[in-house]
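Chemist: Number 32 in the numbering used here belongs to position 32 of the sequence shown; there are no gaps in the numbering. Yeah, the Cβ is synthetic: ideal placement off N, Cα and C, and Gly gets one too.
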Amino acid sequence: MMKIREGFRMRKLGRDHIVVGEGLKTINFNKMIVLNETAAYLWESVFGREFTKESLAALLKEQYEVDDQTASRDAAAVADKWLELGLTQE
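Dropping the structure here:
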């Protein structure tokens, strides 16, 4: 199970979805984190609750016309990237 770490919020800036750290003095942001529409949809869907790669894949299948393999691959890529960036915790 994963969860978005406390203090991270997504904000809309023009047409972009930007992840910001609110009150996170110990986090070093050396680059801006921009989410595409699909990642922003997933973020909004799981914000504040626990999720798995499988639940992300199910959300993708609900929202978009994708097959199981594509949904699983894309959900895993998003989840792995969020973990790599420190946006989520297991």
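Which partner residues does M10 have in the DSSP bridge list?
Modeler: Taking the first residue of the sequence shown as position 1, residue 10 is located at position 10. According to DSSP, which records beta bridges pairwise, M10 is partnered with V19.
Chemist: Thinking C-alpha only, which one of L85, G86, S55 is nearest D74?
Modeler: Here residue 74 refers to the residue found at position 74 when the sequence shown is read from its first residue. That would be S55, whose Cα lies nearest to the Cα of D74.
Chemist: If I'm right that E84 touches M1 with Cβ under 8 Å, what's the distance once you round it to whole angstroms?
Modeler: If you number the sequence shown from 1, residue 84 lands on position 84. If you number the sequence shown from 1, residue 1 lands on position 1. With a Cβ gap of about 18 Å, E84 and M1 do not count as contacting.
Chemist: List in chain order: all unbroken beta strand (DSSP E) runs of 3+ residues lying wholly within the segment 26-89.
Modeler: The qualifying runs are 33-35.
Chemist: How many angstroms separate the CA atom of I33 from the CA atom of W82?
Modeler: Translated into the one-based positions of the sequence shown, residue 33 becomes position 33. Translated into the one-based positions of the sequence shown, residue 82 becomes position 82. Going from the Cα of I33 to the Cα of W82 covers about 10 Å.
Chemist: Using CA atoms only, rank isn't needed, just tell me which of A58, E50, D67 is closest to T88.
Modeler: Position 88 of the sequence shown holds residue 88. Checked all of A58, E50, D67; the closest Cα to T88 is E50.
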